Structures are given as C-alpha cells and as structure tokens.
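Below is one structure, written out as structure tokens, with a few remarks after it.
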C-alpha cells in the first residue's frame with residue numbers, strides 16, 4: 366500500500382522549495398531591477414505559502430473561525446464544544462504571521478518601486494551593470 | 068561571466084539545502100502532515116471564544132484576529148509602524164512633488180474598460196469595508212480590507228486616469244490625513260486602558276482588550292443597540308480593525324497615486340535635476 370498523501374505533500378514541498386532556490390538564483394543573476402523585484406515578491410509569496418502549509422494537519426476541514434457567530438447571534442460557547450472545534454480547525458498562528466507579512470511586503474515593494482522609478486527617471490536605465498557605470502560617470 | 072553564474076546557482080542551492088535541513092530536523096516540516104494541531108494552536112483555538120475562561124478570552128470567534136490584535140497586539144502595532152515608515156520612506160523620495168490638476172491624465176482607457184471599471188469600483192470598496200467591519204466575526208480584518216480597497220484605487224488609476232481620482236478630492240493632504248487619523252485612533256485605543264488604569268489606580272496594560280481578574284478595566288464585548296438587541300463587538304478589536312483599514316487603504320492609495328504621476332512632476336518632486 367503506497368501512501369499517496371506523503372507523495373503529494375512531498376511533491377508540493379519540493380516544488381515550493383525549488384521555487385525558492387530559483388528566485389534566489391534569479392535575483393543574484395538577472396541584471397534588471399524590475400525583474401529582481403518580481404522575483405523578490407515571488408520569493409516572499411512562496412515563503413508565505415510554506416508558512417500557511419505548516420498549519421495544516423490531516424483532520425482539517427474548517428478555517429480557524431468558530432462558525433455561526435454574528436453581530437446579533439452571540440451564544441456563549443464552553444470548553445467541550447471548542448475542544449471538538451479545535452480538532453477540525455487549521456492552525457491560526459502561521460496565518461497571523463502571513464497576514465502582516467503580506468501587507469508589509471506590499472509596502473516595502475511600493476518603496477522599492479519608488480526607488481527604481483526615480484532611478485529610471487534620472488539615469489534612463491534599470492540595468493544594474495549600466496547603472497553602475499552611469500553613476501560613476503563612465504558612460505553617458 | 069558564465070562561471071560566476073554557476074557559482075551563484077550552487078550558492079543558492081546550498082542556502083536552500085541548509086534551510087530545508089533546519090526545517091526538517093526541527094520537525095517543522097512533517098510529510099505527511101501530523102494528525103492533530105500543535106498544542107499552541109489548540110490552546111488559542113480553545114481559549115479565544117471560551118466563555119468559561121473569561122480571564123483569558125478575547126471575546127471573538129475569529130482566532131486569527133484575536134491573536135493579531137489581542138494576544139499579540141503589541142507586535143502588530145510595531146508591524147503597523149513598519150508599514151507606516153515604508154510608505155513615508157517612499158513618499159520622502161518625491162517629497163517636493165506638487166500635483167497640478169490641469170496636467171493630470173483624464174483620458175484613461177477605452178469606453179468598454181471605463182464602463183466595466185465604474186461598475187467594479189462600486190463593489191470593491193463595499194467588499195473591503197465588509198471584510199474590515201466583520202474582521203472580528205469572519206475571516207478578514209483591517210489589513211485585508213485595506214489591501215482590497217487599494218486594488219480599487221489602482222484600478223481607477225489605470226482605467227480612468229489619475230485625474231479622475233484627483234478631481235473627486237483624493238488629494239495628497241486628505242489621504243495623508245486619513246492615514247494619520249487611522250494611526251492616531253490605533254494609538255488612542257491601545258493606550259486608553261493603560262491610562263484609565265493609571266488614573267484610578269488599578270492595573271491596566273497597553274493593548275489590553277477584555278478585563279482580567281488582576282486588571283479590572285476592559286472594553287467589554289456586548290453593546291445594546293435598541294432594536295437589534297445586544298450586538299457583539301469584541302472589545303477593542305473592531306475599533307483597531309476600522310483604524311487599520313483607514314490607515315492601510317489611504318496609505319497604499321496615496322502611494323499608488325503619487326507613483327502614477329507624469330514624468331516631469333516626478334523629476335521635479337524628487338529633486339533629480
């Protein structure tokens with residue numbers, strides 16, 4: 366009997382970790398700053414994906430939100446019900462980390478976008494090899 | 068050049084291998100996934116809305132928001148300030164930019180995309196506000212709502228032109244004001260219990276939500292709204308979500324609007340001459 370779940374999960378982890386390796390390689394070798402930014406955002410998204418996957422366990426069928434509660438329906442819930450609920454809910458802690466990581470990643474990306482926009486307006490190129498020469502004043 | 072690229076590739080592979088070794092040897096990555104939640108996750112899931120343990124709960128069935136703004140609230144406040152400084156840093160680069168409404172583009176894209184965008188522009192902010200307001204009840208919150216709202220302004224910039232937003236009063240000063248207002252509301256909400264505790268001589272904490280046996284001041288969690296009866300608002304969580312929604316949506320919209328300004332304005336604003 367082959368354990369298919371282990372094979373599928375192993376495949377997903379291998380693919381995501383392979384993406385991380387490729388983005389690090391690409392950021393080091395691609396000369397264009399915009400391509401570096403795209404690779405950086407793919408790297409952070411893959412990291413977030415791995416973090417969320419760590420929260421999954423084999424009995425997951427629910428998000429980490431206790432169902433049926435709304436503004437007007439706020440019944441009191443005791444320990445026994447919540448113990449049952451926690452067996453079928455996904456781990457909330459990685460999701461908390463990812464929520465803030467995404468927004469801060471977006472803000473940092475906006476900042477880097479400003480920097481590259483101004484670099485392009487001033488020097489007319491985003492190729493780091495040409496930029497180095499132009500900043501030193503060796504090329505027009 | 069070729070050798071250097073191969074070396075960098077090998078280096079990237081080694082970094083990733085070290086990462087994988089750490090994650091697997093510390094049993095963080097388990098293939099296939101474990102049977103049950105880790106004990107810390109179970110603790111949060113069992114305590115966040117447990118009315119039998121009111122000294123530890125956060126009065127919200129949404130465990131993610133509970134951790135984000137209650138159990139781990141101070142951390143999120145600092146992350147909000149990281150967000151604040153990233154946007155401020157971006158705006159500082161073009162600090163002397165002056166927006167001249169007569170030079171802003173109003174042509175936008177074709178009639179088809181304009182019409183579709185105008186329909187979508189109504190619905191995206193509604194979804195964003197709903198996600199932010201229900202942040203303590205359903206998946207979502209201020210961060211997510213703000214990001215969704217920023218998509219709407221990005222869409223308006225691309226399809227209708229920056230001038231469209233500017234003529235409807237989305238000026239730099241006003242957006243900065245909205246964002247600062249959100250941050251001020253956050254700081255008032257997180258400091259209120261601490262200051263109230265100081266004035267009456269009881270223990271109160273920064274970012275405290277519900278009362279504790281040793282710190283008797285809290286925000287409460289039910290409010291009577293007449294016809295609706297008792298409404299669950301989960302203490303400080305709803306205020307923090309709304310304030311964060313304001314701060315994130317205004318900050319990101321402002322960053323996108325400035326980024327879409329014409330070339331000459333950016334060159335002038337960034338002192339690139």
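Residue numbers (our numbering), protein chains in the order written: chain A, 366 to 505; chain L, 68 to 340.
Glycine residues also receive a C-beta, built at the ideal position from the N, C-alpha and C atoms.
Bear in mind that the values here come from a model prediction, so they are computed numbers and not experimental data.
Opening and closing residue of the alpha helix (DSSP H) in which residue i lies
| i | result |
| --- | --- |
| residue 413 of chain A | 398 to 419 |
| residue 232 of chain L | 229 to 234 |
| residue 165 of chain L | Counting along the chain, residue 165 of chain L falls outside any alpha helix (DSSP H), and DSSP gives it neither H nor E. |
| residue 192 of chain L | 178 to 200 |
| residue 272 of chain L | Per DSSP, residue 272 of chain L belongs to no alpha helix (DSSP H) and is neither H nor E. |
| residue 528 of chain A | In this structure chain A extends from 366 to 505, so residue 528 of chain A is not present and cannot be described. |
| residue 395 of chain A | Neither: residue 395 of chain A is in no alpha helix (DSSP H) and is coded neither H nor E. |
Per-residue DSSP class, three states only, for residue i
| i | result |
| --- | --- |
| residue 54 of chain L | No information on residue 54 of chain L is available, as it lies outside the stretch 68 to 340 that chain L covers here. |
| residue 292 of chain L | coil |
| residue 282 of chain L | strand |
| residue 122 of chain L | coil |
| residue 256 of chain L | helix |
| residue 427 of chain A | strand |
| residue 314 of chain L | helix |
| residue 492 of chain A | strand |
| residue 454 of chain A | strand |
| residue 148 of chain L | helix |
| residue 204 of chain L | coil |
| residue 211 of chain L | helix |
| residue 173 of chain L | coil |
| residue 84 of chain L | helix |
| residue 327 of chain L | coil |
| residue 333 of chain L | helix |
| residue 374 of chain A | helix |
| residue 76 of chain L | helix |
| residue 52 of chain L | Examination of residue 52 of chain L is not possible in this model, given that chain L is present from 68 through 340 alone. |
| residue 238 of chain L | coil |
| residue 277 of chain L | coil |
| residue 367 of chain A | coil |
| residue 339 of chain L | coil |
| residue 503 of chain A | coil |
Environment of residue i [buried if 16+ CB atoms lie within 10 Å]
| i | result |
| --- | --- |
| residue 137 of chain L | buried |
| residue 145 of chain L | exposed |
| residue 184 of chain L | buried |
| residue 373 of chain A | exposed |
| residue 368 of chain L | One cannot answer for residue 368 of chain L here, as it falls past the ends of chain L, which runs 68 to 340. |
| residue 369 of chain A | exposed |
| residue 501 of chain A | exposed |
| residue 300 of chain L | buried |
| residue 280 of chain L | exposed |
| residue 97 of chain L | exposed |
| residue 217 of chain L | buried |
| residue 220 of chain L | buried |
| residue 371 of chain A | exposed |
| residue 429 of chain A | buried |
| residue 114 of chain L | buried |
| residue 310 of chain L | buried |
| residue 126 of chain L | buried |
| residue 189 of chain L | exposed |
| residue 112 of chain L | buried |
| residue 291 of chain L | exposed |
| residue 236 of chain L | exposed |
| residue 286 of chain L | buried |
Straight-line gap, residue i to residue j (C-alpha atoms, nearest Å)
| i | j | result |
| --- | --- | --- |
| residue 73 of chain L | residue 91 of chain L | 27 Å |
| residue 418 of chain A | residue 465 of chain A | 17 Å |
| residue 461 of chain A | residue 329 of chain L | 38 Å |
| residue 316 of chain L | residue 381 of chain A | 31 Å |
| residue 119 of chain L | residue 171 of chain L | 59 Å |
| residue 182 of chain L | residue 174 of chain L | 13 Å |
| residue 432 of chain A | residue 205 of chain L | 9 Å |
| residue 263 of chain L | residue 276 of chain L | 13 Å |
| residue 403 of chain A | residue 95 of chain L | 28 Å |
| residue 483 of chain A | residue 239 of chain L | 19 Å |
| residue 396 of chain A | residue 386 of chain A | 18 Å |
| residue 268 of chain L | residue 283 of chain L | 11 Å |
| residue 222 of chain L | residue 179 of chain L | 14 Å |
| residue 109 of chain L | residue 192 of chain L | 35 Å |
| residue 293 of chain L | residue 440 of chain A | 18 Å |
| residue 195 of chain L | residue 215 of chain L | 5 Å |
| residue 107 of chain L | residue 168 of chain L | 54 Å |
| residue 333 of chain L | residue 305 of chain L | 38 Å |
| residue 250 of chain L | residue 256 of chain L | 10 Å |
| residue 409 of chain A | residue 338 of chain L | 32 Å |
| residue 70 of chain L | residue 151 of chain L | 42 Å |
| residue 376 of chain A | residue 455 of chain A | 21 Å |
| residue 209 of chain L | residue 155 of chain L | 19 Å |
Extent of the continuous beta strand (DSSP E) run through residue i
| i | result |
| --- | --- |
| residue 298 of chain L | 297 to 299 |
*Report the residue ranges of all alpha helix (DSSP H) runs contained in full by the region 90 to 142 of chain L; include only those spanning at least 4 residues, in chain order.*
106 to 114 and 130 to 133
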